[in-house]
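Asks: In the numbering used here, the protein residues as written are 2 to 356. Before anything else, here's the structure in question.
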């Protein structure tokens, strides 16, 4: 897939102060007009969202699998991955509901590359007008393959540019406590998972789920970029994502039982997704299949609270540092599981669940 994207015309750069400059960007409405969602794709995405809801609610006994690159930096490699995933989905769809990670924002603990949406040229130039257009065009291309899409919603202002293309979204461990993100989720028409805190505690995520399930009135912007009072109805499709913490993993049966008890204590449904990466794999991407196998085993032993998993996966194992000579299909952020190991792990999971 070509990476060439027509950049939307920008307005004049303005200087707000001695140290801050602003560059006008297209509004969400303008970008959607230029890169519209066709009617047949909109219907398909509504169907994907319903599929995800049914799995989370226990009406569909398949395992939800959110899988794909930690972050997308190369449109060609991402499209090749999507094509492979679409083909694999047809082989395992009786047992697994595959959703592609289409992550164009990357949270940073301190500093670093923030993702395709912010820096599509990978050089610190910060061409966000190009990044927004490229990100939307890519997600439209993935959708044409019939894939449900997922991303992490990091910058609330960016959500309006892409949310109509998503079937699932995550709120990360560092932002689950954010009131702004809880208000954002309250107005989204798709299932959203809140990750437990980086310390491994579940309280923040449980509070976030309860908050996002309620209506809110909050300050925001409309699709034309104007300041607005935003009124949201509440999102009934929030759930907990277990990603481990400083104390270690939390996908083992004892930790899962504790999570169920915590949710029950707050009147929340026991709908759990296990992130096979991060602390659950001790930040070793090659250990993710072991976490997946454990989740499958627990399901086979009768734990129906485990509704899904997340995997960081790319065409090839590992990761690399940003530079002039990047290896094709290798992550530039967190290390990923290569395609061959990913395919083997998912085919094995589907086979075990069949039997």
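Even glycine gets a Cβ: it sits at the ideal position worked out from N, Cα and C. Predicted model only: the values in this text are computed from it and were never measured.
Does the stretch 213 to 228 touch the stretch 251 to 263, meaning 3 or more C-beta pairs lie closer than 8 angstroms?
Replies: Flag = no, the stretch 251 to 263 and the stretch 213 to 228 do not touch.
Asks: Could you spell out where the alpha helix (DSSP H) holding residue 21 opens and where it closes?
Replies: As a position in the chain shown, residue 21 is number 20, starting the count at 1. Note, residue 21: premise wrong, no alpha helix (DSSP H); not H, not E.
Asks: Can you tell which of 302, 304, 291 has its C-alpha closest to the C-alpha of residue 342?
Replies: To locate residue 342, count along the chain shown from 1; it is residue 341. That would be 291, whose Cα lies nearest to the Cα of residue 342.
Asks: Return the chain-ordered ranges of every beta strand (DSSP E) run that is complete within the stretch 234 to 321 and spans a minimum of 3 residues.
Replies: With a minimum length of 3 residues, the continuous beta strand (DSSP E) runs that stay inside the stretch 234 to 321 are 239 to 243, 273 to 276, 307 to 313.
Asks: What are the boundary residues of the beta strand (DSSP E) that includes residue 69?
Replies: By one-based count along the chain shown, residue 69 stands at place 68. Start and end: 64 to 69.
Asks: Whole angstroms are fine: how far does the CA of residue 78 sit from the CA of residue 21?
Replies: If you number the chain shown from 1, residue 21 lands on position 20. If you number the chain shown from 1, residue 78 lands on position 77. Cα-Cα distance, rounded: 36 angstroms.
Asks: Please report the straight-line C-alpha distance between residue 135 and residue 181, rounded to a whole angstrom.
Replies: Here residue 135 refers to the residue found at position 134 when the chain shown is read from its first residue. Here residue 181 refers to the residue found at position 180 when the chain shown is read from its first residue. Answer to the nearest angstrom: the Cα atoms are 26 angstroms apart.
Asks: Quick check on residue 208 - is its C-beta less than 8 angstroms from some C-beta in chain C?
Replies: Protein chain content of the structure displayed is limited to a single chain, and chain C is not contained in it.
Asks: By the DSSP assignment, the beta strand (DSSP E) with residue 98 in it spans what residues?
Replies: The count along the chain shown starts at 1 and reaches residue 98 at position 97. Taken as a continuous stretch (DSSP letters only), the beta strand (DSSP E) holding residue 98 covers 97 to 102.
Asks: Count the other C-beta atoms from every protein chain shown that fall within 10 angstroms of the C-beta of residue 52, then say buried if there are 16 or more, exposed otherwise.
Replies: As a working note, residue 52 is residue 51 in the chain shown. Buried.
Asks: Only counting the same chain, and skipping five residues up and downstream in sequence, which positions put a Cβ closer than 6 angstroms to that of residue 339?
Replies: The residue labelled residue 339 in the question sits at position 338 within the chain shown. Closer than 6 angstroms at the Cβ level, and outside the excluded window around residue 339, lie 317, 318.
Asks: Between residue 189 and residue 164, which are expected to be in contact by the criterion C-beta below 8 angstroms, what is the C-beta distance as a whole number of angstroms?
Replies: Mapped onto the chain shown, residue 189 falls at position 188. Mapped onto the chain shown, residue 164 falls at position 163. Indeed, because the Cβ distance is near 6 angstroms, the residues count as touching under 8 angstroms.
Asks: Cβ of residue 93 within 8 angstroms of Cβ of residue 351?
Replies: Stepping through the chain shown from its first residue, residue 93 is reached at position 92. Stepping through the chain shown from its first residue, residue 351 is reached at position 350. The answer is yes: Cβ separation under 8 angstroms.
Asks: Out of 289, 232, 146, which one is the CA nearest neighbour of residue 85?
Replies: As a working note, residue 85 is residue 84 in the chain shown. Comparing Cα positions, the closest option is 146.
Asks: Using the Cβ count rule (16 or more neighbours within 10 Å means buried), how would you classify residue 126?
Replies: As a working mapping, residue 126 is identified with position 125 in the chain shown. By the neighbour-count rule (16 or more Cβ atoms within 10 Å), residue 126 is not buried but exposed.
Asks: State the Cα-Cα distance for the pair residue 158 and residue 168, rounded to the nearest angstrom.
Replies: As a working note, residue 158 is residue 157 in the chain shown. As a working note, residue 168 is residue 167 in the chain shown. Cα-Cα distance, rounded: 19 angstroms.
Asks: DSSP three-state label for residue 338, please.
Replies: For the purposes of this step, residue 338 is identified with residue 337 of the chain shown, where counting begins at 1. Strand, per DSSP.
Asks: Could you give the distance in angstroms between the alpha-carbon of residue 221 and the alpha-carbon of residue 356?
Replies: Counted from its first residue, the chain shown places residue 221 at position 220. Counted from its first residue, the chain shown places residue 356 at position 355. In a straight line, the C-alpha of residue 221 is about 50 angstroms away from that of residue 356.
Asks: How would you write the range of the beta strand (DSSP E) that residue 190 sits in, first residue to last?
Replies: Sequence index remark: in the chain shown, residue 190 carries index 189 (1-based). Careful: residue 190 lies outside any beta strand (DSSP E) and carries neither H nor E.
Asks: Roughly how many angstroms separate the alpha carbons of residue 173 and residue 326, rounded to a whole number?
Replies: Your numbering for residue 173 matches position 172 in the chain shown. Your numbering for residue 326 matches position 325 in the chain shown. C-alpha separation (whole angstroms): 31 angstroms.
Asks: Measuring alpha carbon to alpha carbon, tell me which residue in 353, 284, 218 is nearest residue 364.
Replies: This structure cannot settle anything about residue 364, because the visible part of the chain is limited to 2 through 356.
Asks: Give the DSSP-derived three-state secondary structure of residue 205 in the structure shown.
Replies: Residue mapping note: residue 205 aligns to position 204 of the chain shown, counting from 1. The answer is helix: DSSP assigns residue 205 an H, G or I state.
Asks: Go through its chain and collect everything with a Cβ distance to residue 235's Cβ below 8 angstroms, but skip five positions before and after it.
Replies: Locating residue 235 in the chain shown gives position 234, where the first residue counts as 1. Result list for residue 235: 187, 213, 214, 215, 216, 217, in chain order.
Asks: My output table needs one value for residue 73: the three-state DSSP class, helix, strand or coil.
Replies: For the purposes of this step, residue 73 is taken as the residue at position 72 of the chain shown. Residue state, collapsed to three classes: coil.
Asks: Helix, strand or coil for residue 178? Go by DSSP, reduced to three states.
Replies: In the chain shown, the residue the question calls residue 178 occupies position 177. Three-state result, residue 178: coil.
Asks: Taking the continuous alpha helix (DSSP H) assigned at residue 46, which residues delimit it?
Replies: Translated into the one-based positions of the chain shown, residue 46 becomes position 45. Here the alpha helix (DSSP H) through residue 46 covers 40 to 58.
Asks: Report all residues from its chain with a CB closer than 6 angstroms to the CB of residue 242; omit the five preceding and five following residues, and keep chain order.
Replies: Sequence index remark: in the chain shown, residue 242 carries index 241 (1-based). Taken in chain order, the residues that qualify are 194, 196, 274, 276.
Asks: Could you say which of 250, 131, 140 lies nearest to residue 166 if we only look at CA atoms?
Replies: In the chain shown, counting from the first residue as 1, residue 166 sits at position 165. Among 250, 131, 140, the Cα nearest to that of residue 166 is on 140.
Asks: Who does residue 231 pair with in a DSSP beta bridge?
Replies: As a first step, residue 231 must be located in the chain shown, where it is residue number 230. DSSP lists 219 as partners of residue 231.
Asks: Tell me whether the stretch 299 to 308 and the stretch 59 to 78 touch, counting them as touching only if at least three CB pairs, one residue from each stretch, are closer than 8 angstroms.
Replies: They touch, by the three-pair rule.
Asks: Answer with buried or exposed for residue 329, where buried requires no fewer than 16 other C-beta atoms within 10 angstroms of its C-beta.
Replies: Translated into the one-based positions of the chain shown, residue 329 becomes position 328. Answer is exposed; the Cβ neighbour count stays below 16.
Asks: Can you give me the C-alpha to C-alpha distance between residue 1 and residue 265, rounded to a whole angstrom?
Replies: Nothing about residue 1 can be read from this structure; the chain reaches only from 2 to 356.
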